[in-house]
Every structure is written in C-alpha cells, then in structure tokens.
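Below is one structure, written out as structure tokens; comments come after it.
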Amino acid sequence: MEKSLTAYLKQKKDAGEKIFVPYIVAGGNGLDQLEAEIQLLAENGATAIELGIPFSDPVADGPVIQKAALNAFKKGVTFKKIVATLENIHSPVPIILMGYANSFFHYGFDQLVKDLESTDVKGLIVPDIPYEHRDFILPRLAESDLAVIQLVSLTSTKERMKDLLAVGEGFIYAVTVNGTTGIDQAFQAQLDTHLAYIADQSPIPVLAGFGVSNRAQVERFNAACDGVIVGSKIVASLAQEKQETTSQLVAELTGKKNN
C-alpha cells in the first residue's frame, strides 16, 4: 500500500514542482502559536511541514534548534500535548513528525499510531534508528498511513543507499553535511553529484537538508534533486515572534517572493 505522503510528493515531482519542507520545533514559541505557524508556512509555499518533537539530548540538532527545544520545555510542552494540539487543528499541507527514538518509544508506537489517525500527520522521521533496526518501527506502521522517512548520509555507501531506497517512503532525506544542523554550513564540492546520484536511483522524491539557509542554496540543491528542507533559519526567525519577517523569509526561500 502506497502511503498518501508518498503519492502526494510524487505527484508534486511529476508535475515539475520543487518540494519545499520547512522544519519548526513544536511548541518552541508555545503550543498556542503552533496552528498560526503551520498556516503561515503553508500560505507561503510549504509543500509539507516537518515538526520537531523537543528532546533534551539531540544528536543531530544544532544550537538554534536546541535553544527552541529548551524553550518548549520551559513552556511545559510534551509529546502528548503536541499530539493533542494536532488533533484539534487542521494543516493545509501534510505534517511530518521528526523525533528521537526515546520519545517515540516512551509514547508507545501503537498508541501514537492510533492517536495520529485523526490528525494531518502523514510521516515520521526517527534519525537515531538505523536501517539495521528498522523492524522496531516499520512493522508497527505497515497498516497505517504514516510514511517512515529514510535518511541517506554523505558517508552512505552505494550498497547501503540501495537498501535505504528500497524501504523509503514519503521522500528520501539526503543529509548534506556530516554533523549537526545549523546555518552557514560548508558544503562539500562533490555534494551536487552525490545528490544527483541519489535522485537518479530513488523511486521517490529526494530532498536535501541540514544547513540549507538561503535562496542560492535552495536553487543549487533544487538543480540536483527534488527539493529541500530548511530548519534552523526558519526556527531562528520564528523565535523573533515577528510573523511578517518569517513570511518574507519563507516566500524568498521558495521563490514566491514578488510573484
């Protein structure tokens, strides 16, 4: 059964559209702001939205996202409260939950699948569960409409890429740097060739993420694959609590500014 997120993103790709997925921290500015943030991102060109679950000891998040997560904790945000909030709001575009394995297992996968049925969440990203341990997740979600996003790193061998692409759903997350997320990353010279290879081999869209923070980078990676994920730049903008500034930023990143 093809998951709805996979079908939706493949349709965008087949129509010649470049995919843009902003990442935000759920509750970074309070859960009472979440619906407005989702609407703002969707209105300014988001194809889907990646929603980060705050975690106390992240392995892939840079300082901007870590700060937002700590702010969420100060506001009393929990995974349960995030899901409860999502049950009561509507997103114009699919939501993808990104979180660490401990958060998901503590919540309980079976209960989470049940609770998310009435929400607009259509995908999950769990970066610290490797391919070898995929059976901790995939069988539990096989009968659900939740796509499990696979990450391909710069150090992934072609053999490993083949395995990851074979089980990929929704899109393939092509990590553009070795290390954590953040603004002003230095990208390797061979990155474009790496992305183009993954995109050529993948049956589903391939998105570049980690460190993408300006329109020039978006255009560069759009030329090599099917779209991008932008996180820290948007999270930092939302932290300023000026929605107009964030609207302008997202419109610029998506190329919709002045259109």
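Just add 391 to wherever you are in the sequence shown, counting from 1, and you've got the working numbering. Quick reminder that beta carbons are idealized off the backbone N, C-alpha and C, glycines included.
Residue environment for Gly407: exposed (fewer than 16 other C-beta atoms within 10 angstroms of its C-beta). Non-local C-beta neighbours of Leu532 in its own chain, meaning closer than 7 angstroms and more than five positions away in sequence, comprise Val504, Val539, ordered along the chain. In the displayed model, Gln634 falls within a helix according to three-state DSSP. Between Ile456 and Gly467 a beta carbon distance of about 19 angstroms is seen, past the 8 angstroms cut, so the two are scored as non-contacting. Contact check for Pro485 against Ala433 fails: the beta carbons are separated by 8 angstroms or more. Within the model, the alpha-carbon separation for Phe495 versus Gly419 is close to 19 angstroms. Beta-carbon to beta-carbon, Val416 and Ala475 are separated by about 17 angstroms, too far to satisfy the 8 angstroms threshold. A straight line joining the alpha-carbon of Ile563 with that of Asn613 spans about 14 angstroms. Comparing alpha-carbon positions, the option among Ala630, Leu537, Lys472 lying closest to Glu393 turns out to be Leu537. Residue burial annotation: Ser593 is buried, with at least 16 other C-beta atoms found within 10 angstroms of its C-beta. Beyond the five residues adjoining it in sequence on each side, Asp501 comes within less than 7 angstroms, by CB distance, of Arg531 in the same chain, given in chain order.
In the DSSP assignment, Phe411 is bridged to Val619. Straight through space, the alpha carbons of Lys513 and Ala615 are spaced by roughly 25 angstroms.
In this structure, Val566 lies away from Gly618, with their beta-carbon atoms at least 8 angstroms apart. Exposure of Val558 is indicated by the presence of fewer than 16 other C-beta atoms within 10 angstroms of its C-beta.
Counting along the chain, Gln541 sits inside no alpha helix (DSSP H); it lies in the beta strand (DSSP E) bounded by residues 541-543.
Under the three-state reduction of DSSP output, Ile473 falls in the helix class.
In the DSSP annotation of this structure, the continuous segment of the alpha helix (DSSP H) that includes Val455 starts and ends at 454-465. Distance from Leu629 to Glu426 at the Cβ level is roughly 13 angstroms; contact not present, criterion being Cβ atoms closer than 8 angstroms.
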